[in-house]
Structure formats: structure tokens, C-alpha cells
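J.: In this note's numbering, each residue's number is its place in the sequence shown (first place is 1) plus 302. Idealized CB from N, CA, C, for every residue including glycine. Quantities reported herein were computed from a predicted structural model and do not represent experimental measurements.
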Amino acid sequence: MSRTIETVTVVGAGYMGGGIAQIFANAGIRTTIVDTTPEATQAGLERLLREAAEFEADGLYEPGSTDRIRTNLTAADSLEEAVADVDLIEEAVFERADVKHDVLARISAAARPDAIIGTNTSTIPVHVLVPAVQGPERFLTVHFSNPAPFIPGVELVAGEATTAQVVDAIKALLVRIGREGAQVADTPGMVLNRLQYALLKEATAVVEEGVATVEDVDTIVRTTFGYRLGFFGPFAIADQAGLDVYANGYTTLGEAYGERLGTPSLISDAVAAGRHGAKNGKGLTGDFDEETKAELIAYRNRAYKRMGDLLSDLGPAPKGTPPA
Ligand SMILES: NC(=O)c1ccc[n+]([C@@H]2O[C@H](COP(=O)([O-])OP(=O)(O)OC[C@H]3O[C@@H](n4cnc5c(N)ncnc54)[C@H](O)[C@@H]3O)[C@@H](O)[C@H]2O)c1
């Protein structure tokens with residue numbers, strides 16, 4: 303099985319597939335795109351080159367990126383031709399299991415037996431797609447985020463049969479293209495969308511209960527805990543705030559909203575074991591000596607100050623007009 307990935311085909315040259323193809327081509331990897339018809343694929347290629355030139359002119363891509371993408375990115379006439387002799391195929395067609403089944407079956411029938419096959423699905427478990435794939439040991443989810451050229455995180459999900467070498471080859475490739483991969487278990491929505499959907503669901507409840515308006519919810523998220531999320535995940539944030547503080551907070555929420563928002567045992571068990579977070583040197587993310595704690599606080603303060611500078615530099619995001 304091929305372990306060093308030098309050639310990639312992206313199937314589906316839409317929003318995500320196009321962005322993913324740009325990333326690979328911009329990293330110097332020979333990349334092919336293919337969509338439903340040669341005309342659609344050609345139109346996709348032209349759009350990607352136009353977009354790359356705009357990104358470069360706006361300083362979002364380094365000088366020379368458009369030329370590099372033009373050199374490395376080609377359009378194929380058919381799926382079978384596009385996947386026949388490449389090291390990795392990334393499927394990015396519509397988020398429908400039936401469409402993905404059909405496309406993955408065609409990909410795995412036409413690809414080299416040693417080619418790795420990834421799917422960019424955002425919600426469908428690997429085990430639902432596996433039956434369509436010949437050679438499931440080379441198949442996994444490689445889930446880029448939107449907009450792919452600018453968001454670094456990639457969720458990886460191995461199926462039951464996926465080999466460790468395949469996962470390692472993808473992890474090595476992600477490092478090469480400047481991405482940060484995290485491997486998670488095979489469940490619907492994985493981690494990104496499960497968390498993101500949970501937040502939106504609670505935000506919706508807040509609005510429906512008349513607690514705050516849509517605009518005020520967005521303002522609060524953006525200007526308070528959302529401010530932290532580019533630098534720290536929820537566990538790192540809880541370690542900084544204090545796990546005992548969170549345990550008490552959940553008691554209040556659990557009394558008001560039920561078990562759904564009661565204290566999670568991961569937190570109550572940690573507190574019971576004397577882990578109160580960074581303040582007593584024992585958190586969920588690790589142990590902190592005094593020096594690391596001081597460095598963490600200094601990093602946090604610098605990060606939030608620079609975040610404020612960035613936001614005042616960019617100004618507010620454009621908004622739609624309020625619904626009538
Ligand atoms: N849009 C997002 O925010 C986002 C984020 C992460 C992951 N994803 C996932 O990425 C995948 C693609 O989503 P998108 O937003 O790019 O959709 P999109 O509609 O922009 O693109 C899908 C493309 O697939 C092409 N296609 C459909 N059937 C095909 C076939 N048989 N052969 C070749 N091409 C075919 C379509 O013509 C279209 O260009 C989905 O699985 C989606 O869940 C989307």
C-alpha cells in the first residue's frame with residue numbers, strides 16, 4: 303500500500319472539494335479535480351484559479367500561490383480516469399449516503415488497490431459508508447472545515463478495518479499541508495458538529511424562551527467565551543476557571559434545567575480527587591507547575607489582547623437586514 307502521498311484526486315469540485323483541492327495544489331502536490339461532467343469540472347477549475355488570484359491579490363495567499371495552484375491543479379474528464387493512478391482520493395460530493403455510496407463504489411473500483419480513499423462527510427459515520435468501498439482497510443473520514451483554505455483543523459475517523467498505516471499516512475500528509483488533525487471515534491456528527499449543533503440548540507432554546515434575542519445571543523458568544531475558543535478548548539478553559547467553580551455552576555444549572563445540565567461526573571470526580579484546575583496545579587488537561595501556570599496566564603493575556611486588536615482592525619462583520 304502506498305504510504306507517501308504525492309498525488310491526490312478530489313471528487314466533487316464544489317465548495318469544500320474546491321477548497322481542499324486548492325490546499326493540496328498550493329502545497330505543491332499534484333492534484334486532480336473531477337465533478338459530474340467535464341464542463342462542470344472545467345468551470346470548477348476556472349473558478350478556483352480566479353478565486354486563488356483574488357486571495358493572492360488580497361494578501362490571503364502568499365505571492366506565487368496562484369501560479370503554483372495553476373501548475374499543480376488539473377481537471378479530469380471522468381471520475382474513473384481521475385482516480386485511476388493517484389495515491390489519495392478525497393470524496394467531497396453531496397452529504398447524502400446514497401450519493402456517496404454510488405461515488406465511493408465507483409472510486410474504489412477504478413482506483414489502484416493501494417490508493418487511500420477519504421471522505422469529507424461532516425455527519426455520516428464511516429460504518430454507514432464502508433459497505434460501498436472495496437478494500438475498507440484503506441478508507442477513512444478526512445473532514446476538512448469550511449472555508450477549507452483558512453481553517454486548519456481536520457477530523458479523522460477510522461473505520462473498523464482501517465489500518466494504522468493509512469491513518470498515519472494521512473496524519474503525515476496533514477502536517478505537510480499545514481493542517482492539524484485529530485482522530486475521533488466513528489459516531490454521527492463526530493465531535494465538531496456534535497458540539498456545534500449542541501451550542502446552536504441551546505442558543506435556540508434561549509431565544510425561544512425569551513431569555514435573549516438572536517442578536518444578543520450572538521453578541522454574548524462572540525464577546526465572551528467565543529473570544530477564547532481560537533486559543534483554548536472547553537477543557538483548557540475549565541482548567542483555567544477552576545473545576546470546583548464549574549462543579550458549583552453545574553449544580554445551579556442542574557437544579558434549574560435538570561440532569562441535562564447537571565454536573566458531569568468527569569468534573570465531580572476530578573474535584574473529589576483534589577483536581578481544581580490550574581490554580582492548584584491539577585487540571586483535566588494536565589498538571590501545572592508554577593512556571594507553566596505563569597506562562598499560561600501571560601499567553602492567555604497576550605492572546606486576548608491581540609484578538610481585540612484584530613477585531614478592531616477588521617471592524618464588525620457585515621450583517622443582513624433584520625427579518626421583517
Ligand atoms: N459546506 C460546508 O460547510 C461543509 C463543511 C465540511 C464538510 N462538508 C461536506 O463536504 C461535502 C461536500 O459539501 P459542499 O458544501 O462542498 O457541497 P457542494 O454542493 O458545494 O459540492 C458538492 C459537489 O459534488 C458534485 N457531485 C455530486 N455528485 C457527483 C458525482 N457523482 N461525481 C462527481 N461530483 C459529484 C456536485 O456537482 C458539487 O459540485 C459534503 O459531504 C459536506 O457535508 C461541507
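Would you list the residues sitting across from Lys584 in a DSSP beta bridge?
T.: Gly579, Asp589
J.: Just to confirm, does Phe452 get its C-beta within under 6 angstroms of one of the non-hydrogen atoms of ligand 1?
T.: Flag unset: Cβ of Phe452 not near ligand 1.
J.: Would you kindly report the start and end of the unbroken alpha helix (DSSP H) that includes Thr554?
T.: 545-559
J.: For Thr338, is the beta carbon positioned less than 6 angstroms from some heavy atom of ligand 1?
T.: yes
J.: What do you get for Arg542, buried or exposed, if any count of 16 or more other CB atoms within 10 angstroms of its CB means buried?
T.: In the sequence under discussion, the amino acid at residue 542 is Gln, which differs from the Arg named in the question. With 16 or more other Cβ atoms within 10 Å, it is buried.
J.: Locate the beta strand (DSSP E) running through Ala484, then write down its first and last residues.
T.: 482-485
J.: With a Cβ-Cβ cutoff of 7 angstroms, do Asp443 and Val469 count as a contact?
T.: Reading off the sequence, residue 443 comes out as Thr, not Asp. For Thr443 and Val469, no; Cβs fall outside 7 angstroms.
J.: When you measure from the CB of Phe396 to every non-hydrogen atom of ligand 3, does any distance come out below 6 angstroms?
T.: As far as ligands go, the structure on display features ligand 1 and does not contain ligand 3.
J.: For Ile409 and Leu381, which I take to be in contact (beta-carbon distance under 8 angstroms), what is that distance rounded to the nearest angstrom?
T.: 7 angstroms
J.: The alpha helix (DSSP H) that contains Phe326, what's its start and end?
T.: 317-328
J.: Expressed to the nearest angstrom, what Euclidean distance is found between the alpha-carbon atoms of Glu510 and Ala500?
T.: Each residue's Cα considered, the two are about 15 angstroms apart.
J.: Helix, strand or coil for Gly610 per DSSP?
T.: helix
J.: Assign Gly528 to one of three DSSP states: helix, strand, or coil.
T.: helix
J.: Please report the straight-line C-alpha distance between Asn328 and Val516, rounded to a whole angstrom.
T.: Inter-residue distance for Asn328 and Val516 is about 38 angstroms (C-alpha atoms, whole angstroms).
J.: Please determine, among Phe357, Pro415, Val430, the residue with the shortest C-alpha to C-alpha distance to Asp400.
T.: Val430
J.: Classify Asp571 as buried or exposed, calling it buried when 16 or more other Cβ atoms lie within 10 Å of its own Cβ.
T.: Exposed: under 16 other Cβ atoms inside 10 Å.
J.: In this structure, how does DSSP classify Glu353 when only helix, strand and coil are distinguished?
T.: helix
J.: Go ahead and pull the three-state DSSP assignment for Ile479.
T.: coil
J.: In the DSSP output, which residue or residues are listed as bridge partners for Glu393?
T.: Val313, Thr421
J.: Count the CB pairs spanning the stretch 335-342 and the stretch 447-463 that are closer than 8 angstroms, and state whether there are at least three.
T.: Taking a cut-off of 8 angstroms for Cβ pairs, the stretch 335-342 and the stretch 447-463 do not touch, as fewer than three such pairs fall below it.
J.: Just to check, is the beta-carbon of Tyr317 closer than 6 angstroms to a non-hydrogen atom of ligand 1?
T.: yes
J.: Could you work out which residue in His403, Asp404, Val435, Pro427 is closest to Ile418 when comparing CA atoms only?
T.: Val435
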